[in-house]
Amino acid sequence: MPLVIAMDGPSGSGKSSASRGVAAALGLRYLDTGAMYRAMTWWMLVNGVPVEDAGAVAARSLEPVLESGTDPAAPTITVDGADVSGPIRSREVTNAVSAVSSVPAVRARLVALQREIIGIGGIVVEGRDIGTVVAPDAQVKVYLTASEEARALRRAQDPAADPGASVTLTLAEQARRDRLDSTRTASPLAKAADAHEIDSTELGLGEVIEAVVRLAKETG
Ligand code: DC
């Protein structure tokens with residue numbers, strides 16, 4: 246069975262860099278499921294769908310055509326054929342994505358797409374519910390955390406982040422998103438019972454990658 250590595254955790258825990266590094270080190274594909282929820286949210290905003298109206302979001306959730314490129318060296322995301330990798334990182338999308346991703350119809354559609362992609366072969370998948378819902382049979386499950394301050398600092402320093410977002414603002418918006426993501430009824434952010442927790446507050450990226458690669462090698 247192809248190797249599936251599930252990388253879950255809150256925003257700013259270093260999931261994306263670590264997941265891409267692990268995929269590159271092991272010759273696996275890479276899937277950023279957060280980018281899919283962001284792309285769906287971007288489409289809703291562009292089409293004037295009121296994102297706080299779960300019924301309205303659900304009614305349109307089958308319309309956008311999403312495609313994820315899984316090369317860890319150059320992951321891509323398109324909506325209806327257009328590259329949206331820049332716009333999905335805007336603050337507008339970041340602040341609306343929790344509402345859209347809490348809608349069960351959105352999750353059902355994106356989880357089905359994610360499982361299709363995972364089914365093709367070995368892959369590192371990052372998200373919030375990968376080890377619990379999307380790929381409960383993944384051979385390696387990691388729950389990556391870091392202190393709130395370390396996470397906000399990383400997000401504010403991310404080259405893809407909105408340049409207008411200070412650390413203080415990022416911290417406040419992050420706390421709000423964490424709360425929404427972990428208290429929603431549909432597949433909340435949660436650590437799978439069999440996940441290995443890695444706290445990256447004091448670890449460099451290389452150390453996190455090494456720890457996950459070691460876990461993968463231990464599974465044989
Ligand atoms: O990882 P990220 O910050 O790009 O994710 C954006 C949002 O998408 C996050 O606030 C919660 C949602 N998300 C989700 O609900 N389930 C996932 N598997 C991945 C992301």
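In our numbering, the protein residues as written are 246 to 465. Cβ coordinates follow ideal geometry from the N, Cα and C atoms, glycine included.
- Task: Put I454 into one of helix, strand or coil per three-state DSSP.
- Result: Here residue 454 is taken as the residue at index 209 of the sequence shown, counted from 1. Reduced to three states, the DSSP call for I454 is helix.
- Leaving aside the five residues before and after V356 along the sequence, list all residues of the same chain whose C-beta is less than 6 angstroms from its C-beta, in chain order. In the sequence shown, the residue the question calls residue 356 occupies position 111. Short of 6 angstroms from the beta carbon of V356, and not among the five residues preceding or following it, lie these beta carbons of its own chain, in chain order: V379.
- Query: For S201, which option in D277, R336 and G451 has the closest C-alpha, if you only look at C-alpha atoms?
  - Reply: In the structure displayed, the chain extends from 246 to 465; residue 201 sits before or after that span and is not available.
- Query: Can you find a heavy atom of the ligand DC that lies under 8 angstroms from the Cβ of I368?
  - Reply: Counting from 1 along the sequence shown, the entry for residue 368 is found at position 123. It does not: the Cβ of I368 is nowhere closer than 8 angstroms to a heavy atom of the ligand DC.
- List in chain order: all unbroken alpha helix (DSSP H) runs of 4+ residues lying wholly within the stretch 281–313. DSSP runs (the alpha helix (DSSP H)) wholly in the stretch 281–313: 299–305.
- Query: Grouping DSSP H, G and I as helix and E and B as strand, with all else coil, what is E463?
  - Reply: As a first step, residue 463 must be located in the sequence shown, where it is residue number 218. DSSP, reduced to helix, strand and coil, places E463 within a helical segment of the structure shown.
- Starting from K436, trace the beta strand (DSSP E) both ways and give me its first and last residue. Counting from one through the sequence shown, the residue named residue 436 turns up at place 191. No beta strand (DSSP E) holds K436; DSSP gives it neither H nor E.
- Close-in-space but distant-in-sequence residues of the same chain around T415 (CB under 6 angstroms, 5 per side omitted): For the purposes of this step, residue 415 is identified with residue 170 of the sequence shown, where counting begins at 1. For T415, where only same-chain residues beyond five positions count, the Cβ hits under 6 angstroms are A397, R400 and A401.
- Go through its chain and collect everything with a Cβ distance to Y282's Cβ below 6 angstroms, but skip five positions before and after it. By one-based count along the sequence shown, residue 282 stands at place 37. Hits under 6 angstroms: V342 and S346.
- Sort K436, V338 and T446 by Cα distance to L290 and report the nearest one. As a working mapping, residue 290 is identified with position 45 in the sequence shown. From the listed residues K436, V338 and T446, the smallest Cα separation to L290 is found for V338.
- Query: Can P252 and V458 be called in contact, C-beta distance under 9 angstroms?
  - Reply: Taking the first residue of the sequence shown as position 1, residue 252 is located at position 7. Taking the first residue of the sequence shown as position 1, residue 458 is located at position 213. Checking the displayed sequence, the identity of residue 252 turns out to be Met instead of Pro. No Cβ-Cβ contact shorter than 9 angstroms links M252 with V458.
- Task: Determine the burial state of D374: buried for a count of at least 16 other Cβ atoms within 10 Å of its Cβ, exposed for fewer.
- Result: Reading the sequence shown from its first residue, position 129 is the one you call residue 374. D374 should be labelled buried.
- Query: Cβ-heavy atom distance between V379 and the ligand DC below 8 angstroms?
  - Reply: Taking the first residue of the sequence shown as position 1, residue 379 is located at position 134. With a threshold of 8 angstroms, the Cβ atom of V379 counts as near the ligand DC, since some heavy atom of the ligand is closer than that.
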